[in-house]
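Quick note on numbering: full-length UniProt numbering labels position 54 of the sequence shown as 54, and the sequence is numbered without any gaps. Every residue gets a Cβ at the ideal spot worked out from N, C-alpha and C, and that includes glycine. Accompanying notes for the structure given below.
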Amino acid sequence: MKINSFYPVIMTPDVAKSAEFYQRYFGFEIVYESDWYVSLRTRGDQQGSYELALLDAGHPTIPATYRKRAEGLILNMEVDNVDSEYERLVLDAKLTLEQDIRDEDFGQRHFILSDPSGVLIDVIAMIPPSEEERSNYLDLESV
Numbered sequence: 001m002k003i004n005s006f007y008p009v010i011m012t013p014d015v016a017k018s019a020e021f022y023q024r025y026f027g028f029e030i031v032y033e034s035d036w037y038v039s040l041r042t043r044g045d046q047q048g049s050y051e052l053a054l055l056d057a058g059h060p061t062i063p064a065t066y067r068k069r070a071e072g073l074i075l076n077m078e079v080d081n082v083d084s085e086y087e088r089l090v091l092d093a094k095l096t097l098e099q100d101i102r103d104e105d106f107g108q109r110h111f112i113l114s115d116p117s118g119v120l121i122d123v124i125a126m127i128p129p130s131e132e133e134r135s136n137y138l139d140l141e142s143v
């Protein structure tokens, strides 16, 4: 199979509110908008652009037994400076903090927020892993 595109679609009870959240705090721009579906994309740079879509959780294109908000989902967003993003998003904007900023032995400094639908957003900067965790990386050049 050749995959031409891949992006998450979050089922949400309030598409407009979720779209505004991702635009305001994470720099996404609308590329398609209806009352039941919004397609978002970041502006491309040297690393490319990123896509995210939002879908009304009760829309009839979804099988009836699955028409509910997203659960069990974490969006990882790697950034250059997690401490400045913590200041911007948590201290200044007062977004809902689910897990405070901390360093992990496996090589991340991060904090976790939630969006208006309850989807978790893990804001991450990579840091050197502990010696024990370093052995778990298959590509040692990347750590």
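From residue i to residue j, what distance separates their C-alpha atoms?
i: residue 9; j: residue 30; result: 14 Å
i: residue 82; j: residue 138; result: 25 Å
i: residue 121; j: residue 74; result: 6 Å
i: residue 70; j: residue 4; result: 24 Å
i: residue 98; j: residue 110; result: 11 Å
i: residue 107; j: residue 80; result: 14 Å
Counting along the chain, where does the beta strand (DSSP E) carrying residue i start and finish?
i: residue 111; result: 108-114
i: residue 39; result: 37-41
i: residue 122; result: 120-126
i: residue 78; result: 74-78
i: residue 100; result: 97-104
i: residue 51; result: 51-56
i: residue 10; result: 9-12
For the alpha helix (DSSP H) that contains residue i, what are its first and last residues?
i: residue 18; result: 15-26
i: residue 32; result: Note, residue 32: premise wrong, no alpha helix (DSSP H); beta strand (DSSP E) at 29-33.
i: residue 131; result: 131-134
i: residue 139; result: Here residue 139 belongs to no alpha helix (DSSP H), and DSSP marks it neither H nor E.
i: residue 82; result: 82-86
Please classify residue i as buried or exposed, where buried requires at least 16 neighbouring CB atoms within 10 angstroms.
i: residue 56; result: buried
i: residue 39; result: buried
i: residue 91; result: exposed
i: residue 18; result: buried
Leaving aside the five residues before and after residue i along the sequence, list all residues of the same chain whose C-beta is less than 6 Å from its C-beta, in chain order.
i: residue 50; result: 42
Excluding five sequence neighbours on each side, which residues of the same chain lie with their C-beta closer than 7 Å to the C-beta of residue i?
i: residue 76; result: 122 and 124
i: residue 67; result: 57 and 58
Quick check on residue i - is its C-beta less than 7 Å from some C-beta in chain D?
i: residue 134; result: Annotation note: the requested chain D is absent from the structure, which comprises a single protein chain.
Spell out a yes or no on whether the region 100-117 and the region 10-22 are touching, meaning 3 or more CB-CB pairs, one atom from each, closer than 8 Å. yes
At least three beta-carbon pairs within less than 8 Å, the region 119-136 to the region 76-91: yes
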